[in-house]
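These notes are about the structure you will find just below.
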Amino acid sequence: VFLLGRQITSGPSLVEALGVSSTVLVLLFVLDLMRGRLKSILDKHFRREKNQLEQTLQKISQAISQLVDPPTLARRLLQTSVDLLGIERGSVYLRVGEPPLYQLTASWGAAPALSELSPGCPLIEGLLERGALQVRPTRHGAIAGEVSPTLRQLAFLGGELAQPLIHEGRLLALLILGPKKEGNYTEEDLNLLAAFAQVTALALLSSEGGRTIEGLHRELQAKVEKIAEQQRRIIALQTQLTMRQRAPEQNVATPPETSAESDPTPPESGRESTAWIVGSSPAVRQLLDLIRKVASSPSAVLLRGESGTGKELLARALHEMSPRASRPFVKVHCAALSPTLLESELFGHVKGAFTGAVRDRPGRFELANGGSLFLDEIGDISLDVQTKLLRVLQEMVFERVGSSEPIEVDVRIIAATHQNLEELIRRGQFREDLFYRLNVLPIDVPPLRDRCEDIAELVQHFLRIYGQRAGKPNLQIDDDTLSLLKSFSWPGNIRQLENVIERAVVISEGPTLTIAELPEEVVQGFLSGEDNEPVLLGVHAERAERERREREQLVRALAATNGNKAEAARTLGLARSTLVSRLKKYGLS
């Protein structure tokens, strides 16, 4: 008991005090446990968001450090926004060209109604004036609050939030985000997007600088190549002028006979025959250097290469540069004759050797005695003729058909083929010993696609020949057409190029050959090639610019009318069906 003044008051018992203390202790323990659990939950939640934010910033930093292209940066920005904020739909537009257009680069969920936005449309103007824009739709999809063209266009594109990427007053891109899956956009969301936008804008600016430098480098390379091309043309013209001065009496209007690379009139004996071979590429220079080295040798030469590469001209050059230049140069096209006729052509025949042999006739070996014999398409001769030819190569002795009298000759053999002789040997269609007799000095003739640097000179060469023949001595060729010819694969090699130029000269009406004079298979073959650069863009530049202006006009009309096609058609003075077809043409609908 306690004595308080004159009153005596009895306090709580010990049991009651212990009960109250125990209850308080239990409550404090429970509260501490709940606080620890809550702290763990909050730490786990914010740690996940922190890690996600760090990963996002790391990705953006990597993109900046690698100077990736603007479309990749735009896609990463959109993906980052989707991952962090939980967006149902979104899109990003990039600035392209000058004057600029803003083209749809990436989208998440349903694609927006417009694939391009132009300067002057309400959304672009609003972003430049006020920065980020936000619209709050009601439950029924209507726009809450003030209705303006800017917000109306934003809602038309399926967005609730538009974030600009601006640097020094230039709108580089715009990010449009639809509604969040949970809740509305908070102030923290807006600040986070603004930070991402600033970082990405700097990355876009750096990438644009890198692309500018790369473009200047490509332009410089193109100019260097064009200067080199002009130098090759000058060399070709100088070569033609030299040939005219050397042989003023020759009739240059006569077309080439069989060689696609030869001048109409063969060079005289002892003349530097390689001057008549058109081309100054490394492949041709290497080839001519090899010919100079082997020309003085009496050994057999085997020219290997595709049809139409000028093997006959090289054979003539070998003869003209050899000590046998003053002696005959005789050629035989082996594939054009049957085995019986070929044997008679090579070795000759006596009177009565076969039906129709009314007199003795010397063969090509006799006619070429002391000189050179060119056997073209040696891979097409029969095994029987191969056996007799092998004996001649070994002993330089043969008999005419129908005679047993041996004839001794001194002939240098120059053979040529486009076939794989090793494969013919494996199939038993060509004698291996004959191959080794012919393949003493092998020379590989490169196809035209491997020496495209020579196409300009060859074109000028054929223009001179067929231009004079057609009474058009001053014909030229424009750069786009020449670029196309240089990019074509030419399966028929120089012979095909010669035929194309001859045709173009005949049908041309103006002073310059254009793509319109080329045959369809050349133009279509160029367009279907996977490795060809789009050199025809220059030809269609005017049409492309006209289409760009029309597309921009359509985008502005749609933006001004909030996507109302009927109203946009009335604004442009078009029928609605015409407007719809043009929208489909440019991918705007």
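FYI, the numbering for the sequence shown is 667 to 1255, going by our numbering. Every residue gets a Cβ at the ideal spot worked out from N, C-alpha and C, and that includes glycine.
For residue i, count the other beta carbons within 10 Å of its own beta carbon; 16 or more makes it buried, fewer makes it exposed. Which is it?
i	result
P765	exposed
H833	exposed
L1245	buried
I753	buried
Q1126	buried
G1045	buried
S925	For S925, the pLDDT reaches just 35, beneath the cut-off of 50, and the residue's location in the model is therefore unreliable, leaving the point undetermined.
D1257	This structure does not reach residue 1257, given that the chain is present from 667 up to 1255, and the question cannot be answered.
L694	exposed
V1063	exposed
L1150	buried
E644	The question about residue 644 has no answer here: the residues shown for the chain are numbered 667 through 1255.
S688	exposed
E986	buried
What are the boundary residues of the alpha helix (DSSP H) that residue i is part of?
i	result
G756	It is not in any alpha helix (DSSP H) - G756 instead sits in the beta strand (DSSP E) that spans G756 to V762.
S1153	D1145 to S1153
S1048	Note, S1048: premise wrong, no alpha helix (DSSP H); not H, not E.
I842	It is not in any alpha helix (DSSP H) - I842 instead sits in the beta strand (DSSP E) that spans R836 to L843.
V1246	R1242 to K1251
E986	K977 to E986
R818	P815 to F822
R1030	R1030 to L1033
E1123	I1121 to R1135
R1236	K1231 to L1238
Please go through the same chain and pick out, in chain order, the residues whose beta-carbon is closer than 7 Å to the beta-carbon of residue i, but skip the five residues on each side of it.
i	result
L1008	C1000, I1047 and V1051
R1209	Annotation note: pLDDT 49 at R1209 (below 50); position unreliable, no value reported.
L1087	G1045, F1096 and F1101
H1015	A1023, R1027, R1066, V1067 and G1068
K1231	R1242, L1245 and V1246
L1240	none
If you reduce the DSSP assignment to three classes, tell me which class residue i lands in.
i	result
P948	helix
R970	strand
A1082	strand
Q623	Coverage of the chain is limited to positions 667 through 1255, which leaves residue 623 absent and any answer about it impossible.
V1067	strand
F1096	coil
K846	strand
G1014	strand
P1177	coil
S747	helix
P1157	coil
I1073	strand
F1040	strand
L783	strand
I753	strand
L858	helix
L799	strand
R1027	strand
What does a CB cutoff of less than 6 Å around residue i pick up in its chain, not counting 5 residues either side in sequence?
i	result
D749	none
D1144	T1178 and T1180
R1217	Y1252
R1214	none
What are the start and end residues of the beta strand (DSSP E) that includes residue i?
i	result
S773	L767 to W774
H999	F995 to H999
D1109	Residue identity differs from the one stated: residue 1109 is Ile in this sequence, not Asp. Unbroken beta strand (DSSP E) run through I1109: L1107 to D1110.
E791	Unbroken run through E791 is the alpha helix (DSSP H), P788 to R796; no beta strand (DSSP E).
Verify the contact flag: residue i, CB atom, against every heavy atom of the ligand ADP, threshold strictly below 7 Å.
i	result
G756	As presented, the structure is devoid of all ligands, the ligand ADP included, so that no description of it is given.
I'd like the list of long-range same chain contacts for residue i, defined as Cβ closer than 8 Å, with 5 residues on each side in sequence excluded.
i	result
C787	Q819, V1221, R1222, A1225 and A1226
T1237	A1223, A1226 and T1227
G756	L744, S747, V748, S773, W774, G775, G825, L841, I842, L843 and G844
Original post:
Given 8 Å as the limit, is there contact between the stretch 853-867 and the stretch 740-750, that is, 3 or more CB pairs closer than that?
Top reply: yes
Original post:
Are the stretch 1106-1115 and the stretch 1059-1072 touching by the rule of at least three beta carbon pairs closer than 8 Å?
Top reply: no
**OP:** Flag this pair as touching only if the stretch 964-974 and the stretch 1010-1022 have three or more C-beta atom pairs under 8 Å; answer yes or no.
**Re:** no
Subject >> Stretch-stretch touch, CB-based, cutoff 8 Å, three pairs: the stretch 825-844 with the stretch 785-795 >> reply: yes
Subject >> At least 3 beta-carbon pairs within less than 8 Å: the stretch 971-988 vs the stretch 1118-1125 >> reply: no
Original post:
Counting pairs of beta carbons, one from the stretch 1075-1091 and one from the stretch 1027-1036, are three or more of them closer than 8 Å?
Top reply: yes
Subject >> Cβ pair count under 8 Å reaching 3, the stretch 772-784 against the stretch 851-861 >> reply: no
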